[in-house]
Amino acid sequence: MFRSAARLVSLKRVYRASNCTLVKSSYSTSSSGSRHFSSTNPSYNTDKENASASVDPFLKNLGCINHVAIATKDAKKSSDFWRNIMGATRVSEKVPQPEHGVYTVFIELGQTKIELLEPIDEKSPISGFLQKNPTGGIHHICINVSDLALAIQKTKDNNIRSLGQVKIGAHGLPVIFLHPKDCNGVLIELEEHK
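Here you go:
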């Protein structure tokens, strides 16, 4: 990756899981090949206990991205692509989720999870998405939260609308979707993991 020992690799943002803040930072490589980290944030703190003490409880509630959901007209064809071309390590069977109007296939690609969504029928919400996007595409991202009630309250406090009520999702856990018009054009699913 580093062809020149003096090359500077600038990272626009580094996500600090210890305190959930974004800081501008960079890595530089010296002539000896060692890498050095520097931050432009004067409040940058590596003390995890002190750093997390001032964090909004909602941010502590957020986890990692659980999965990226992709709408498709043909889950079998899409599964074959992820398995045979992209090298997916695990691909589930196609499972009907009649309460959501879809079939799901879960794919593991390294540490990344992908959920394929195929409509059960023309009344499926995925059918509408596929009418607008005939080749399919990214439908939503799912983010783990430790307390769904807290997440819902925080979104309401910030005028972010939810789509419907809390339901049990494809993983058997409580979920809710946030309106994409209130989330920078992204449909977000919040899934509770305690």
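For the sequence shown, the UniProt record's numbering gives the first residue as 1, with consecutive numbering after it. Cβ coordinates follow ideal geometry from the N, Cα and C atoms, glycine included. Treat the numbers as computed from the prediction; the structure is a model and nothing was measured.
ask   = Per DSSP, T112 is paired with what?
value = Within the sequence shown, the letter at position 112 stands for residue 112. Its beta-bridge partners are L109.
Where the alpha helix (DSSP H) containing I126 begins and where it ends = Counting from 1 along the sequence shown, the entry for residue 126 is found at position 126. In this chain, the alpha helix (DSSP H) harbouring I126 covers 125 to 132.
ask   = Can you name, in chain order, every residue of its own chain whose Cβ lies under 7 Å from the Cβ of E108, other than the five neighbours on each side?
value = Stepping through the sequence shown from its first residue, residue 108 is reached at position 108. A88, T89, R90, listed in sequence order.
task = Count the other C-beta atoms from every protein chain shown that fall within 10 angstroms of the C-beta of V95, then say buried if there are 16 or more, exposed otherwise.
result = Working through the sequence shown from its first residue, we reach residue 95 at position 95. With fewer than 16 Cβ atoms within 10 Å of its Cβ, V95 is classed as exposed.
query = In three-state DSSP terms, what is C20?
reply = For the purposes of this step, residue 20 is identified with residue 20 of the sequence shown, where counting begins at 1. Its pLDDT being 32, under 50, C20 is placed unreliably in this model, and the value from its coordinates should be taken loosely. Note: C20 maps to coil in three-state DSSP.
task = List the endpoints of the continuous beta strand (DSSP E) containing C61.
result = The count along the sequence shown starts at 1 and reaches residue 61 at position 61. The sequence given here has Asn at residue 61, not Cys. Careful: N61 lies outside any beta strand (DSSP E), inside the alpha helix (DSSP H) at 57 to 61.
key: Pick from H139, S146, H171 that is closest to E118, judged by C-alpha positions   = Reading the sequence shown from its first residue, position 118 is the one you call residue 118. Here the closest residue by C-alpha is H139.
query = For S94, which three-state DSSP category applies?
reply = Stepping through the sequence shown from its first residue, residue 94 is reached at position 94. What sits at residue 94 in the sequence shown is Lys, not Ser. Reduced to three states, the DSSP call for K94 is coil.
message = Quick check on M1: does DSSP put it in helix, strand or coil?
response = Locating residue 1 in the sequence shown gives position 1, where the first residue counts as 1. In this prediction, M1 has a pLDDT of 35, which is less than 50 and means its spatial position is unreliable; what the coordinates show is noted afterwards. Here M1 carries a coil assignment [DSSP, helix/strand/coil].
message = Using the Cβ count rule (16 or more neighbours within 10 Å means buried), how would you classify L116?
response = Looking up residue 116 in the sequence shown gives position 116. Burial call: buried.
inquiry  = Rounded to the nearest angstrom, what separates S124 and I188 at their Cα positions?
reply    = The residue labelled residue 124 in the question sits at position 124 within the sequence shown. The residue labelled residue 188 in the question sits at position 188 within the sequence shown. Spanning the two alpha carbons is a distance of roughly 18 Å.
query = In the DSSP assignment, what residue or residues form a beta bridge with C142?
reply = Reading the sequence shown from its first residue, position 142 is the one you call residue 142. H67, E189.
inquiry  = Looking at the secondary structure, which residues open and close the alpha helix (DSSP H) in which K154 lies?
reply    = Here residue 154 refers to the residue found at position 154 of the sequence shown. Taken as a continuous stretch (DSSP letters only), the alpha helix (DSSP H) holding K154 covers 148 to 157.
ask   = In this structure, does DSSP put I85 in helix, strand or coil?
value = Taking the first residue of the sequence shown as 1, we reach residue 85 at position 85. Correct three-state label for I85: helix.
key: Span separating the alpha-carbon of H100 from that of I141   = Indexing the sequence shown from 1 puts residue 100 at position 100. Indexing the sequence shown from 1 puts residue 141 at position 141. If I take the Cα positions, the gap works out to 16 Å.
query = Is the beta carbon of G169 sitting closer than 8 Å to the one on E191?
reply = Position 169 of the sequence shown holds residue 169. Position 191 of the sequence shown holds residue 191. Against a cut-off of 8 Å, the Cβ pair of E191 and G169 comes out as a contact.
DSSP bridge partner residues for P119 (one or two, in chain order) = As a first step, residue 119 must be located in the sequence shown, where it is residue number 119. BP columns for P119 point to V102.
message = Suppose you measure from the CA of R83 to the CA of T112; what does that come to, to the nearest Å?
response = The sequence position of residue 83 within the sequence shown is 83, counting from 1. The sequence position of residue 112 within the sequence shown is 112, counting from 1. Computed Cα separation, rounded: 13 Å.
key: Residues bridged to L163 (per DSSP)   = Here residue 163 refers to the residue found at position 163 when the sequence shown is read from its first residue. Answer is F177.
Own chain residues within Cβ distance below 6 Å of D182, not counting five before or after = By one-based count along the sequence shown, residue 182 stands at place 182. Closer than 6 Å at the Cβ level, and outside the excluded window around D182, lie I160, R161.
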